[in-house]
Structures are given as C-alpha cells and as structure tokens.
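Residue numbers (the working numbering): 1 to 285.
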C-alpha cells in the first residue's frame, strides 16, 4: 500500500483529512492504524472498480495495510491521507464526464505502475482493482485507459439512447462494436475515448434517475431526447445507391457526446440530476 504514495499525491484537489478513530488494527513507531483509516481507501477502491468488495477483498487490503504499517508507519499514514484526498476530490466532482475522466486517470496511473511487474509484486489493492476492472485498451499518447466494465457499460448506454431515438441495436452490434473499439482504441479521438472510459459512471447516472422516475417522467424524458437529437432514419425509398447505416463505433465518435449531453438535459427537464454522488447509483455485481 505504501508504494502508492507517489501516485495518489497526484490528486487534483486537496482536502483536510478527517481524524482517524475506531478499532485499532496496529501500533508502530508512535502511530496507530485504525479501521477508520482504511475506510476512504476501501470506498475509493469500490468506486474505481465500480464493483462491490467481498469480505475477502476487504481483509486482503487490511492485512496488506497492517504489514506495510509495521515496516513504515509514517509512510503508510501519509499514503492513506493521500487516498483520502483523492476520494474527497472525486466527491467534489459532480459532472459525470469529468468524474469519469478523474476516475480513469487514477486507474491509468495504477495500471502503469504495475503493468510490467510480476504478479507476486503487485499490491493486493491494485490487484483487486484490475481483477474487477481489467484494462482492455490504453493509449500512450492521450493517457486514457479503458476497462472492460466501462466499455460494456458505455455500449449499453449508447444502446439505450439509440432505443429512445427509435433505432434498435442488437447484441451482435454491441459485440462487434466492442471488438472494434478495443482493436482501434488509439485511433479514436480523445473525447470519445474519455466517453468510453466513463461508461460505468454514465450508465449509473442514467439508471439511478430512471429508477426514481414515474412512467410519465420516463416517457417525457424519452420524448424530450428524441425531439433534441431527431428520430430514426426515414424508411422512404429513394432511387440510386443507399448509404449504409453507420456502425455503432462510428456513431460513438460522431454522436456519442451529443447524445449524452442531450440525455442529461432531458433527464434534468423532468427534475432529475447528473450528480453521481447525490444519486448514489447501485453498483452491480
């Protein structure tokens, strides 16, 4: 854990850490390590992974922290304070795209720190993260990392918006798009890369709003979105060659950001919110 100190000192916003209280796990060098000291680290891990933590995961982090604390108590306490600053910075970010970008930057730093290490040298904290959110693509130029859960979530998000628009996307469309995105990630423009990397956050915000909406609000949101972005292509026959429908991968680059912004405005028109933290989206297994 302590070797994450340098990474988490990159936090964009610094907050004053809370006073640690609670169950004492270890004492060394005049310092105490408490269970509450580890809470921000565990909450951050859950947020980064966008997945629940099992008791085995939690115990692994606790055991690793106790071992590191006994060999370097001051270093670990500093690292945990930096983790708390990172999590605090994330919680002050209300725009879902900015939050998604913040999250992927932290994942990217952790991924780069261990990608060339043998498995036995990877800290359990990072190992848990990359097991739950495996990296499927990374662009060395833009420094954007894409995880499998974010890719899947972003494609489902696009599928839902296309459905509101009146355009059906099959599972085969999603599978093909996933393969194309992974293979050509470095050729995708940076803003669309960040949209893809924010998939779990964006889908979570949409689903949390719709879980609270009445059927009338859901219908009004869909109508507002369709009026904003337009309906499905016309079925009127025309003479001459017909242009093929753009692939989902192409639509992501041309319309993805516009679709997202239109959906957020449509949700807000019905009293919804784009604030991930106030919505507290359910993190799925």
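Note that beta-carbon positions come from the ideal geometry of N, C-alpha and C, so glycine has one too. Fair warning: this is a prediction, and the values are worked out from it, not measured in the lab.
Own chain, CB closer than 8 Å to residue 213, minus 5 neighbours either side, in chain order
221, 270 and 272
Taking its Cβ as the centre, do 16 or more other Cβ atoms sit within 10 Å of residue 340, making it buried, or is it exposed?
Coverage of the chain is limited to positions 1 through 285, which leaves residue 340 absent and any answer about it impossible.
Check for me: the beta strand (DSSP E) holding residue 33 runs from which residue to which?
31 to 34
Give the range of the alpha helix (DSSP H) segment to which residue 150 is assigned.
148 to 165
Does the beta-carbon of residue 219 have 16 or more other beta-carbons within 10 angstroms, so that it is buried, or is it exposed?
exposed
Contact between the segment 146 to 159 and the segment 118 to 138 (3+ Cβ pairs under 8 Å):
yes
Residue range of the unbroken beta strand (DSSP E) whose run includes residue 139:
135 to 139
So, helix, strand or coil for residue 279, using DSSP?
helix
Looking at residue 61: is its Cβ nearer than 7 Å to the Cβ of residue 111?
no
Using DSSP with H/G/I as helix, E/B as strand and the rest coil, what is residue 28?
strand
Say whether the segment 66 to 79 touches the segment 26 to 37, bearing in mind that this needs 3 or more beta-carbon pairs closer than 8 Å, one atom from each stretch.
yes
Could you name the residues that DSSP lists as bridge partners for residue 144?
139
Beta-carbon proximity list for residue 23, same chain, < 7 Å, skipping 5 on both sides
34 and 35
To which residues of the same chain is residue 194 closer than 8 Å at the C-beta, ignoring the five residues directly before and after it?
97, 100, 101, 104 and 144
C-beta contact flag for residue 53 and residue 46 at 7 Å:
yes
Identify which residue in 79, 180 and 197 has its Cα closest to the Cα of residue 108.
197
Taking the continuous alpha helix (DSSP H) assigned at residue 115, which residues delimit it?
Note, residue 115: premise wrong, no alpha helix (DSSP H); not H, not E.
Could you give the residue range of the alpha helix (DSSP H) that holds residue 258?
248 to 269
State the CB to CB distance for the pair residue 205 and residue 165, rounded to an integer number of angstroms; the pair is presumed to be in contact (CB under 8 Å).
Not a contact, Cβ separation roughly 19 Å.
Taking the alpha carbon of residue 163 as the reference point, which residue from 274, 223 and 199 has its own alpha carbon closest?
223
Limits of the alpha helix (DSSP H) - the one that residue 169 falls within
No alpha helix (DSSP H) holds residue 169; DSSP gives it neither H nor E.
Backbone secondary structure at residue 23 - three-state DSSP:
coil
Inspect the beta-carbon positions of residue 50 and residue 283 and report whether they are closer than 7 Å.
yes
I'd like the span of the alpha helix (DSSP H) that includes residue 215, first residue to last.
215 to 229
Use the C-beta contact count for residue 120: other C-beta atoms within 10 angstroms, 16 or more gives buried, fewer gives exposed.
exposed
If you draw a straight line from the C-alpha of residue 281 to the C-alpha of residue 156, how long is it?
16 Å
For residue 72, which three-state DSSP category applies?
coil
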